[in-house]
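Residue 137 is where the sequence shown starts when you use our numbering, and the numbers rise one by one after that.
Think of the CB as a built atom: it goes at the ideal place given N, C-alpha and C, for glycine as much as any other residue.
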Amino acid sequence: MASAGAQTAPRNAPMDFQGRVLVSISDADMLASAYVDGVLGPREGRDAISVIPLTEGDRVIDVRTLRAYETEVSNSVAGAPSAVAISPDGRYAFVVETFKQAEQQAQRFSDLPAGMTLTLVDIANPKTPRVLEKLEVGKRLETVEINPAGDMLAVGLHPRDGRGVAFIPFREGRFGTPSYQLLPGVDKDTRITHVSWHPSGRFIAAALSDAGRIAFARVQRQGDEISLQPWGGSVQVGKYPFKIVWTPGGKYVLANNLQWGPDVGGFWTEAPRGSVASIRFADKSATDLQGRTVVQHALVGVAETGVSPEGLTISPDGQLVVTTNLERSFLPYDDSRITWHASLSLLRFDLASGQLQHVADYPFDGILPESAVFDNSSRYLAVANFDHFDDNRAGGSIDFWRVDRDPLNPHPLLVRTVHNVPVTRGPHSIVLAR
Numbered sequence: 137m138a139s140a141g142a143q144t145a146p147r148n149a150p151m152d153f154q155g156r157v158l159v160s161i162s163d164a165d166m167l168a169s170a171y172v173d174g175v176l177g178p179r180e181g182r183d184a185i186s187v188i189p190l191t192e193g194d195r196v197i198d199v200r201t202l203r204a205y206e207t208e209v210s211n212s213v214a215g216a217p218s219a220v221a222i223s224p225d226g227r228y229a230f231v232v233e234t235f236k237q238a239e240q241q242a243q244r245f246s247d248l249p250a251g252m253t254l255t256l257v258d259i260a261n262p263k264t265p266r267v268l269e270k271l272e273v274g275k276r277l278e279t280v281e282i283n284p285a286g287d288m289l290a291v292g293l294h295p296r297d298g299r300g301v302a303f304i305p306f307r308e309g310r311f312g313t314p315s316y317q318l319l320p321g322v323d324k325d326t327r328i329t330h331v332s333w334h335p336s337g338r339f340i341a342a343a344l345s346d347a348g349r350i351a352f353a354r355v356q357r358q359g360d361e362i363s364l365q366p367w368g369g370s371v372q373v374g375k376y377p378f379k380i381v382w383t384p385g386g387k388y389v390l391a392n393n394l395q396w397g398p399d400v401g402g403f404w405t406e407a408p409r410g411s412v413a414s415i416r417f418a419d420k421s422a423t424d425l426q427g428r429t430v431v432q433h434a435l436v437g438v439a440e441t442g443v444s445p446e447g448l449t450i451s452p453d454g455q456l457v458v459t460t461n462l463e464r465s466f467l468p469y470d471d472s473r474i475t476w477h478a479s480l481s482l483l484r485f486d487l488a489s490g491q492l493q494h495v496a497d498y499p500f501d502g503i504l505p506e507s508a509v510f511d512n513s514s515r516y517l518a519v520a521n522f523d524h525f526d527d528n529r530a531g532g533s534i535d536f537w538r539v540d541r542d543p544l545n546p547h548p549l550l551v552r553t554v555h556n557v558p559v560t561r562g563p564h565s566i567v568l569a570r
């Protein structure tokens, strides 16, 4: 064995997170336990958007020196972790407000009024994020995504708004006038927890959580005018799908089943283990045996995850899927059902068949991790950690994980690294400018 004196350079495990900018949003208004007891608890600052530059010029910034640059933007954790999006050119971020920021006198979750605002943030200089514009879109905004062309936003609205999906043109750093469309075949009282553009920009998919289904529509556009046309039937995927992601190329769409519902203790508190479902998406119509033109989507795979897998992400190479599982980390400390951990679930994905295989769960010391994103290399993962069990540690964090393999038994596994970036308490949605 070599002596310590023979080591001429410090040893570092691999950590080369690839991308341009990480962006997360934090809801500073409430403790995670407010989901159970309704008590907001002490606040830690104001709601914020956090921007983490990963490169400077042509230089990749060392992960040990990464830091977040923040500015105030109202947002809420009370929805699917799809409340922030980035323009394809990486210059702008968009944040939807599900509930408004708490007033000074607010003490309980029920004191938070429904949000109405879509906020545009300039992140072209990631060290000085600037709010450029705010637009009232509807009542209780649930989700935001921008199309691949970068000129149209889709914002899912809560059923209490009653207008389905808002489409907002976006050009030269400015919002256009919103228009509204109900999803074909979907009742206006059905909750839409996520709306996602197909990689072609010609279709959208929507998670209908209460119905346990994923619905699809074809997007027809003339200038800024949008209409939605039926595109195949909706697909039953399980119980309480919350978020959806497309595989590279858009042949499949994945959905996470949280297993929540009125037949579960506390609606979500005592949920069993969740799952991820895979749907083969038909981007073309076909002719059936009776000579009719049909569009036929198909459920092709389901795999188990940890408890309450709110976050869902797929690697850019399409081979790995990760869910961020709340477990029961969000319960009050004196609740005997609490788990003093959250977890990630790692799944393999077969791009040819659409099949999913559960690899393992990876518990870690964290609270309410609602979101994660792979880097460009598919070898690293950034995870939004809402809060810490050590109350002396202020704020939340963006934690970095590594996809690793044993050279003698090369199945994939996840390793939590020592690297993280502190952010305002309450990070819940995270995206990467690639």
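Item	Value
Would you list the one or two residues that DSSP bridges to ASN393?	PRO377, SER411
Thinking just about the alpha-carbon of each residue, which of ALA341, SER514, ARG515, VAL519 is nearest to the one in LEU504?	VAL519
Touch check for the stretch 363-372 and the stretch 416-433: three-plus C-beta pairs under 8 angstroms?	yes
In angstroms with no decimal places, state the Cα-to-Cα distance between ASP424 and HIS433.	13 angstroms
Let's see if you can read the secondary structure: which residues bound the alpha helix (DSSP H) around TYR469?	From DSSP, TYR469 is part of no alpha helix (DSSP H); its letter is neither H nor E.
Kindly indicate the opening and closing residues of the beta strand (DSSP E) around ASP258.	253-258
Reducing DSSP to helix, strand and coil, say where ARG244 ends up.	strand
With distances taken Cα to Cα, identify the nearest neighbour of ARG572 among ARG570, THR459, GLU206, ALA250.	Since the displayed the chain opens at 137 and closes at 570, residue 572 lies outside it and no answer follows.
Within its chain, find whatever has a CB closer than 8 angstroms to the CB of TYR318; leave out the 5 residues flanking it on each side and keep chain order.	A quick correction: the sequence has Leu, not Tyr, at residue 318. Closer than 8 angstroms at Cβ, skipping near neighbours: ARG299, GLY300, VAL301, LYS324, LEU364.
Let's test the definition: count the other Cβ atoms within 10 Å of the Cβ of SER489 and tell me whether it reaches 16, buried, or not, exposed.	exposed
Please list, in chain order, all residues of the same chain as VAL509 whose beta carbon is under 8 angstroms from its beta carbon, the five residues on each side excluded.	LEU158, THR449, LEU517, ALA518, ILE566, VAL567, LEU568
Where in the stretch 331-373 do unbroken runs of the beta strand (DSSP E), each at least 3 residues long, occur, reported from the N-terminal end onward?	339-344, 349-358, 361-366
Thinking ALA496 and LEU549 are a contact (beta carbons under 8 angstroms), I'd like their distance in whole angstroms, please.	6 angstroms
Which of the three DSSP states is assigned to ASP173 in this structure?	helix
What did DSSP end up calling THR264 once you bin it into helix, strand or coil?	coil
How far does the beta strand (DSSP E) with GLN491 in it extend, from its first residue to its last?	Counting along the chain, GLN491 falls outside any beta strand (DSSP E), and DSSP gives it neither H nor E.
Which residues bound the beta strand (DSSP E) around HIS547?	545-559
Could you check how far apart the C-beta atoms of LEU293 and LEU277 are, in whole angstroms? I think they sit under 8 angstroms.	6 angstroms
By Cβ distance, which residues of its chain are closer than 7 angstroms to LEU487, with the 5 residues on each side in sequence left out?	THR383, GLY454
Can you give me the Cβ contacts of ALA260 inside the same chain, cut-off strictly under 6 angstroms, excluding the 5 residues immediately before and after it?	ARG227
Please confirm if GLU269 has its CB atom under 8 angstroms from at least one CB of chain D.	The structure shown contains no chain D; it holds only a single protein chain.
Counting along the chain, where does the beta strand (DSSP E) carrying SER565 start and finish?	563-569
Give me the Cβ distance between THR191 and ILE185, rounded to the nearest whole Å; I'm assuming they're in contact under 8 angstroms.	No, THR191 and ILE185 are not in contact; Cβ-Cβ is about 19 angstroms, not under 8 angstroms.
Could you check whether THR264 and ALA219 sit closer than 8 angstroms to each other, using their CB atoms as the reference points?	no
Under 8 angstroms by Cβ, that's how I've got THR405 and LEU467 pegged, so tell me the actual separation to the nearest angstrom.	7 angstroms
Apply the 10 Å Cβ neighbour rule to VAL458 and answer buried if 16 or more other Cβ atoms are within range, or exposed otherwise.	buried
Check the DSSP bridge columns for THR618 and list the partner residues they point to.	The chain is shown from 137 up to 570; residue 618 falls before or after that span and cannot be answered.
Should SER336 be labelled buried (16 or more other beta-carbon atoms within 10 Å of its own) or exposed?	exposed
Under 8 angstroms by Cβ, that's how I've got PHE339 and ARG354 pegged, so tell me the actual separation to the nearest angstrom.	6 angstroms
What residues are listed by DSSP as bridge partners for ASP287?	Answer is none; ASP287 lacks a bridge partner.
Just the Cα atoms here: how many angstroms apart are PHE245 and VAL172?	10 angstroms
To the nearest angstrom, how far is the alpha carbon of SER481 from that of MET288?	33 angstroms
Out of curiosity, what's the CA-to-CA distance linking ARG526 and PRO217?	One detail in the question is off: residue 526 reads as Asp in this sequence, not Arg. Answer to the nearest angstrom: the Cα atoms are 24 angstroms apart.
Taking the alpha carbon of VAL213 as the reference point, which residue from ASP225, ALA242, ASP535, LEU167 has its own alpha carbon closest?	LEU167
If we count the other Cβ atoms within 10 Å of its Cβ and call it buried at 16 or more, is GLU361 buried or exposed?	exposed
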